[in-house]
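Numbered per numbering that gives the first Met the number 0, the sequence shown spans residues 0 to 372.
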Amino acid sequence: MTASELPPSLIRTLPGSSYTDPQIFALEQEKIFEQLWFCAVRASDLDKPGSFRTAQVGRESVLITRSRDDSVRAFLNICRHRGARLCTEEQGEVRRNFQCPYHAWTYGPDGKLVAAPNLAGMPDVDRTTYGLVPVHVREWLGYVWVCLADEPPSFEADVIGAATQRLGDPEAIERYRTEELAVGRRIRYEVRANWKLIVENFMECYHCATIHPELTDVLPEFAGGYAAQYYVGHGAEFADDAKGFTVDGSAGVDRIPTVSEDQDRRYYAITVKPQVFVNLVPDHVIVHRMFPLAADRTVVECDWLFLKDVVEAGRDVSRSVELFHRVNVQDFEACERCQPAMDSRAYRSGGVLVPSEHHIGAFHAWVTGRLGD
Ligand code: FES
Ligand SMILES: [Fe+2]
């Protein structure tokens, strides 16, 4: 049997270079992250008019801000004069306007050029034409999603559709009222691995028995290695003796009241390509946003969202947070263990996927298809 002929149980992964080659990464930035909807910030982080965040989306820095009319807007974070980066901070607040630190061109929260030295002497300079370049914005699940494409793909099909397809019911995710929940904890992980390794890892549970002892205690079916979490409509059931989705199986906090009986005591995981994971349990929602920064470097921001009352009352959510924080650390260490091997001659034509991982092949085909467009 030659290396290219595989037994039916195995299918090939992408070649190692897909995870290391800067040119492939640049193509992914262009054809994936700069074309599709990208989950950038939590809307509640923009808590008042003038609050802003900046986010790396593909190769662009995007400025996301709340305007005086309470709407959220996004712009390329680039001054229209000579191209200085307008906001260098990751977050902040402006009293009224954004002023470029170079020659002081000044933009309103709606992006319009409102002032510049000697602007009155240049009546032919249109303030909208020379305003900040706008970026498409949508809000869903309490997050601000941006799209850099001139003509964004359908948000309903690409983003909301992913959740519906996974849960089998458009109402199912809405019952967690994710947009009304509050951030109980946020942890930022600097992962020395390609973003696709992180997606692939999230899509399979073949590794759960080996590296996730706390998770398999709460979700015993995960120890079987089959990605039961990916059967349409299926949520992994809590162990009989688990009182909640916590690191020691102790009780969690107040259940989200609109979650249905059949969603109770179950865990659902959703991948929203290309950079979001949503995890649903009865008393909280965990959202991962990935920011791919280089072929071998990805920042992951993970939010643990609970009922507002729970967060405002300062209730102890540490055991809930600790469970998935450990899962994250275990997963990201596994991805970092694979990353250096992607450059090895052993991985030149890739590795293999066993049957319980075969659905990852569809993700590979999706990536390859996007790059070929
Ligand atoms: S580059 Fe911004 S004002 Fe000149
Ligand atoms: Fe995992």
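The beta-carbon is built from N, C-alpha and C at its ideal position, and this holds for glycine as well. Quantities reported herein were computed from a predicted structural model and do not represent experimental measurements.
Query, Result
"Heavy atom of ligand 2 within 7 Å of residue 326 beta-carbon", "yes"
"Other residues of its chain near residue 53: CB distance less than 6 Å, five sequence neighbours each side excluded", "60, 62, 76, 86 and 89"
"Cβ-based neighbour list, residue 274, same chain, cut-off 6 Å, excluding 5 preceding and 5 following", "289"
"Pick from 351, 254 and 211 that is closest to residue 324, judged by C-alpha positions", "211"
"Residue 271 and residue 244 closer than 8 Å at C-beta", "no"
"Per-residue burial, residue 234 [other beta carbons within 10 Å of its own, 16 or more giving buried]", "buried"
"Pairwise C-alpha distance: residue 203 and residue 6", "20 Å"
"Integer-rounded CB distance, given that residue 303 should sit under 8 Å from residue 144", "Actually they are not in contact, since the Cβ atoms of residue 144 and residue 303 sit about 20 Å apart, beyond 8 Å."
"Counted within 10 angstroms of its Cβ, other Cβ atoms place residue 282 as buried (16 or more) or exposed", "buried"
"Straight-line Cα distance separating residue 184 from residue 285", "10 Å"
"Length of the line joining the Cα atoms of residue 128 and residue 39", "26 Å"
"Assigned secondary structure, residue 0 (DSSP; H/G/I helix, E/B strand, else coil)", "With a pLDDT of 45 at residue 0, under the threshold of 50, the modelled position of this residue cannot be trusted, and the question is left open."
"N- and C-terminal bounds of the alpha helix (DSSP H) containing residue 202", "194-202"
"Proximity test, residue 373 beta-carbon vs ligand 1 heavy atom, cut-off 7 Å", "Here the chain has residues from 0 to 372 only, and residue 373 is not among them."
"Contact under 8 Å by Cβ, residue 266 with residue 280", "yes"
"Beta carbon shell of ligand 1 at less than 5 Å from a heavy atom", "78, 80, 81, 83, 99, 101, 102 and 104"
"Candidates 371, 364 and 41, of which the one nearest residue 13 by Cα", "364"
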